[in-house]
Structure formats: structure tokens, C-alpha cells
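Counting in this note's numbering, the sequence shown runs from 2 upward without gaps.
Every residue gets a Cβ at the ideal spot worked out from N, C-alpha and C, and that includes glycine.
In this text, all values refer to a predicted model and were calculated from it rather than measured experimentally.
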Amino acid sequence: MSDQPTSRKLWELSQQILPGGVNSPVRAFRAVGGQPFFVQQAHGSRIEDVDGRSFIDYVMSWGPMILGHAYPPVLKKIAETLKNGTSFGIPNPLELRLARMVCDLVPSIEMVRMVNSGTEATMSAIRLARALTGRSKVIKCIGCYHGHVDSLLVQAGSGAATLGTPDSAGIPPSFARETIPVQYNDLRAVEQAFSDFPREIAAIIIEPVVGNAGVILPQPGYLEALRAITHSHGALLIFDEVMTGFRLAPGGAQERFAVTPDLTCLGKIIGGGLPVGALGGPSELMAQLAPSGPVYQAGTLSGNPLAMAAGIATLEALQQPGLYQRLENATQTLVQGITEAAQQHGIPVCPRQIGSMFSIFFTDRQVVDFPSAATSDTARFQRYFHFMLDHGIYFAPSPYEAGFLSLAHTDEDLQTTIKAAQAFFASEAAAHQGS
Ligand code: KE4
Numbered sequence: 002m003s004d005q006p007t008s009r010k011l012w013e014l015s016q017q018i019l020p021g022g023v024n025s026p027v028r029a030f031r032a033v034g035g036q037p038f039f040v041q042q043a044h045g046s047r048i049e050d051v052d053g054r055s056f057i058d059y060v061m062s063w064g065p066m067i068l069g070h071a072y073p074p075v076l077k078k079i080a081e082t083l084k085n086g087t088s089f090g091i092p093n094p095l096e097l098r099l100a101r102m103v104c105d106l107v108p109s110i111e112m113v114r115m116v117n118s119g120t121e122a123t124m125s126a127i128r129l130a131r132a133l134t135g136r137s138k139v140i141k142c143i144g145c146y147h148g149h150v151d152s153l154l155v156q157a158g159s160g161a162a163t164l165g166t167p168d169s170a171g172i173p174p175s176f177a178r179e180t181i182p183v184q185y186n187d188l189r190a191v192e193q194a195f196s197d198f199p200r201e202i203a204a205i206i207i208e209p210v211v212g213n214a215g216v217i218l219p220q221p222g223y224l225e226a227l228r229a230i231t232h233s234h235g236a237l238l239i240f241d242e243v244m245t246g247f248r249l250a251p252g253g254a255q256e257r258f259a260v261t262p263d264l265t266c267l268g269k270i271i272g273g274g275l276p277v278g279a280l281g282g283p284s285e286l287m288a289q290l291a292p293s294g295p296v297y298q299a300g301t302l303s304g305n306p307l308a309m310a311a312g313i314a315t316l317e318a319l320q321q322p323g324l325y326q327r328l329e330n331a332t333q334t335l336v337q338g339i340t341e342a343a344q345q346h347g348i349p350v351c352p353r354q355i356g357s358m359f360s361i362f363f364t365d366r367q368v369v370d371f372p373s374a375a376t377s378d379t380a381r382f383q384r385y386f387h388f389m390l391d392h393g394i395y396f397a398p399s400p401y402e403a404g405f406l407s408l409a410h411t412d413e414d415l416q417t418t419i420k421a422a423q424a425f426f427a428s429e430a431a432a433h434q435g436s
């Protein structure tokens, strides 16, 4: 018997020294019940917990691991870089290499500032937008999550929605008053906001494809209209592409939908699994960041060489011809298989998929915004989550999260998942008939 403590033991200990037992709320399984497992290792499409159980992983660290866990070229690049030290706090060539790659890949970015998380990227973007416009208010979409930034934890998605605390404690009403929440896909609400607060709105920040309420797609023309509205009112359009960046296309959602934002926030994939966020945009806007401009923004570990190395290796690997189409085809196969399984058993579902991100909502409604996403049957989601986990398949422990495929997911993984889903929906149908 190994002396490695079990997940149960580790969970008992972690709750004594980590708030809620975790370092990020959504990991605590609060939305699905039960207790989280502790991961020992992860390779390819699979994670293994400390008790030796193996799972097909569709969370992939909430998005970064698009190549699969422990992708050898990424590990190799990190190992090589590690020999030279871990952090300098002085410019290093790797920062320029990754910045150059981002500028070459993302249409709207001429200059980029590396930070250490998506939260830092969106926080800096809001500050820059307010400085550039001299305005204070910000429009955000209900159910979108942009990290734990004070002014953006207003009707937020992801972990905030999961815990039912979309408006966090500790945020002064004076801060929240500067944020105008609107429904995603509701252009009239945006026009109304600009009519209510003429010349007071600095920016709209949006997940161009929502991932933090589950996956919700922009309706045709929506993003283009936001571009036109912000232009006409002198406000900035900020695309939070922390999740969609390098996920939906090499140039992210802005490439896929051909809509050019003023500022772009990046994270997750850009770090290849190490802590990296980034803020990018046209040089004339970005030059307003310190030390070239008056908008202060800083970070001890920003541009960390190891993190830059992981990001470089990741973006290099993503340039394999046909990679994004392969990911999209595999994701469509998975989502179609799960959806057909539900329909065969008369279980209402609303599938949403784009690129290699997806959600299955347990509702008969068409999900177009957070309220329609929230019509999902959360009790069924809980049963689904645990049924699949018991069958060796790990989906996000919240209905307000996206699923992700990676280059490492095999057709066998997909067929195993679809088969488990078929068994789940059969059990649901039987239980429903029995009730
Ligand atoms: P981080 O600060 O967690 O690196 O990024 C914040 C963020 C910003 N914008 C978008 C669109 C995001 O999805 C995120 C973070 N996503 C969540 C999961 N959907 C991270 C998981 C967590 O909070 O533990």
C-alpha cells in the first residue's frame, strides 16, 4: 500500500489550510456535490488521481492544454530554459519571441504586454480604456467572466455563477455602479446603455464567444454591431479572448468572426500551462502603458522565461497544418454523439460547439444568453457529472463552464465518452418512466 495520502485525506487536510480547500473556487465541486479528487499526474488526454484512478479530461486545466497534458515539445522547451535559471526580472529574449508570435497571429495586435493571468490582462485593459477615453463606465455581459477584477465581478459567470455569487462581497457599490450589465446577444440593451450614459462609457468588454456560462455563440451580426456601436460612441471594444484566443483559430475569435477589437485580452493557451496572460492592441493605444505612457501596469514575474518558453513551444505546435480543422471535427463528433444519445432517450438537450470548445445544456430552450443557460436542469447536470466521472470521464464540475478537446483526445476517447453518455441517458429515461 503506498504511503501517498488518498484524495479523501488530502481533501480533509486542504480544507484546514486553503479557503474552501482550494486555490480557485470552481474546483471545489460545490455545484455538483461530492468532493474533488487530487491529481497526481496528467499526460495526453488523461489525468490520474492520487488513488490511481484515470480519467479522460475535458476540462484540460480550463483551456490551456489544447495540445494535451505534458506535450513533449513543451516540456522539452521548459527543461532547456530551466537550465538558465527561473526568473530574472530583467528583459529576456524569450519575451520578445512570444510577443512577436502573438503579433503575427492575432490580427489586431501590434504591441503586447505580458502579465501573469487572464485577470491581470482584463484588469489592465479596463484601466487602459478608461485612461484612453477619460470615461469611467464599462459595459459587460451578464454571465461573462473576466477574472476576479473588482469592476467586472458584476453578474459574472464561471465560478461566480457556479457559487450563486455573481456579485462578490467586498466590492464597494461605487465600483459596481461603474459597471453596466447587459444580456449577451442583446443589442438593444447596449444601445440603451449608451443612450442612458452618453459619453460616460469607456468600453464594452466581452467574451466574443461566451465560455463562462457554458458555451454561448454570438448571433449573426452581433459582434459586428458592437464594433459599430462602440465606434460611433467613441468607446473601446475589448475582446476577452483568454479562453477563445488560439482556441477558435490561430488568431482567435477575432479571426474567426472577422471583427477587430480595440484591445484583446489573452491567457490560458498563451502560457502552455504556465502562468501567462497578455494585453494587446494597436501600438498607439498600447504605448499609453507605463513606462511609455501614464497608465501604470507592472508585474514581478511578467515575461517569466519559463512561462514564455512554454508559450512559445505551444504556439509553435499549434501551427501544424490542418490542426484546427482536426480539433473542430473531433469536437463535432463528440457533441453530435452525446446529443443523439440524449435525443434517442427523449432527454432535452441544447448542444453548443465552436472550434474545440463545447457545452451540453440540459434544457429544451435554445441557449442564447445567461437566463436561457440558467434554465438548465442542474439536478440532471449533477447526475450527469458524477455518472460520467464514475465511468472515467471528467467534465467541468459546473454547468457554467466550457468543455475542451485537445490534440491528444483519440477517437477511442470520444467513443468511450459517447457510450457512457448513452448509458447515462438510458438510466435517466428509465428513472423518468419509473417516476
Ligand atoms: P485567470 O485569471 O483565471 O487566468 O483568467 C480569468 C479569465 C478571464 N477571462 C476569461 C474569458 C476566462 O475564462 C477566465 C478564467 N476562466 C476560468 C474558467 N472558466 C478559470 C478557472 C478558475 O477560475 O479556476
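> Start and end of the alpha helix (DSSP H) containing residue 306?
Replying inline: 306 to 318
> Quick one: what's got a C-beta closer than 7 Å to residue 122's C-beta in the same chain, skipping five residues either side?
Replying inline: 116, 243, 266, 267, 268, 278, 279 and 280
> Relative to the C-alpha of residue 90, which residue among 58, 12, 71 and 304 is closest?
Replying inline: 304
> At a cut-off of 7 Å, is residue 402 close to the ligand KE4 when judged by its beta-carbon and the heavy atoms of the ligand?
Replying inline: yes
> Is residue 241 near the ligand KE4, judged by its Cβ being under 7 Å from some heavy atom?
Replying inline: yes
>> Which runs of the alpha helix (DSSP H) at least 4 residues long sit entirely within the stretch 141 to 214? Give them in chain order.
In response: 159 to 163, 174 to 177 and 188 to 197
> Cβ of residue 61 versus every heavy atom of the ligand KE4: is any distance shorter than 7 Å?
Replying inline: no
>> Among the candidates 401, 407, 397 and 150, whose CA atom is the shortest distance from the CA of residue 326?
In response: 407
>> What does DSSP give as the partner residue(s) for residue 138 in the beta ladder?
In response: 202
>> Starting from residue 234, trace the alpha helix (DSSP H) in both directions and tell me its first and last residue.
In response: 223 to 234
>> Rounded to the nearest angstrom, what separates residue 434 and residue 254 at their Cα positions?
In response: 43 Å
> In chain order, what residues of the same chain lie with their CB nearer than 7 Å to the CB of residue 256, ignoring the 5 residues before and after it?
Replying inline: 108 and 250
> So, using beta-carbon positions, are residue 11 and residue 133 closer together than 8 Å?
Replying inline: no
> Roughly how many whole angstroms lie between the Cα atoms of residue 361 and residue 308?
Replying inline: 33 Å
> Buried or exposed: which applies to residue 232, given that a residue is buried once 16 or more other Cβ atoms fall within 10 Å of its Cβ?
Replying inline: exposed
>> Given this structure, state the Cα-to-Cα distance separating residue 332 from residue 339, to the nearest angstrom.
In response: 11 Å
>> Which residue wins for smallest C-alpha separation from residue 34, given the options 44, 383, 432 and 427?
In response: 383
>> Just list the residues that DSSP pairs residue 58 with in beta bridges.
In response: 395
> Which one or two residues does DSSP pair with residue 45 in a beta bridge?
Replying inline: 70
> Can you find a heavy atom of the ligand KE4 that lies under 7 Å from the Cβ of residue 114?
Replying inline: no
> Cα separation between residue 114 and residue 312?
Replying inline: 14 Å
> Under a three-way DSSP split, which group does residue 335 fall into?
Replying inline: helix
> Between which two residues does the beta strand (DSSP E) containing residue 263 stretch?
Replying inline: It is not in any beta strand (DSSP E) - residue 263 carries neither H nor E in the DSSP assignment.
>> Is residue 213 near the ligand KE4 - that is, is its Cβ less than 7 Å away from at least one heavy atom of it?
In response: yes
>> Between the stretch 366 to 381 and the stretch 411 to 420, can you find at least three pairs of beta-carbon atoms closer than 8 Å?
In response: no
>> Using a Cβ-based criterion (distance less than 7 Å to any ligand heavy atom), does residue 265 qualify as near the ligand KE4?
In response: no
> Which one or two residues does DSSP pair with residue 279 in a beta bridge?
Replying inline: 115 and 267
> Measuring CB to CB, does residue 5 end up less than 8 Å from residue 40?
Replying inline: no
>> Below 8 Å, how does it come out for the stretch 287 to 298 and the stretch 51 to 66: are there three or more Cβ pairs, yes or no?
In response: no
>> Measuring alpha carbon to alpha carbon, tell me which residue in 202, 45, 328 and 430 is nearest residue 247.
In response: 328
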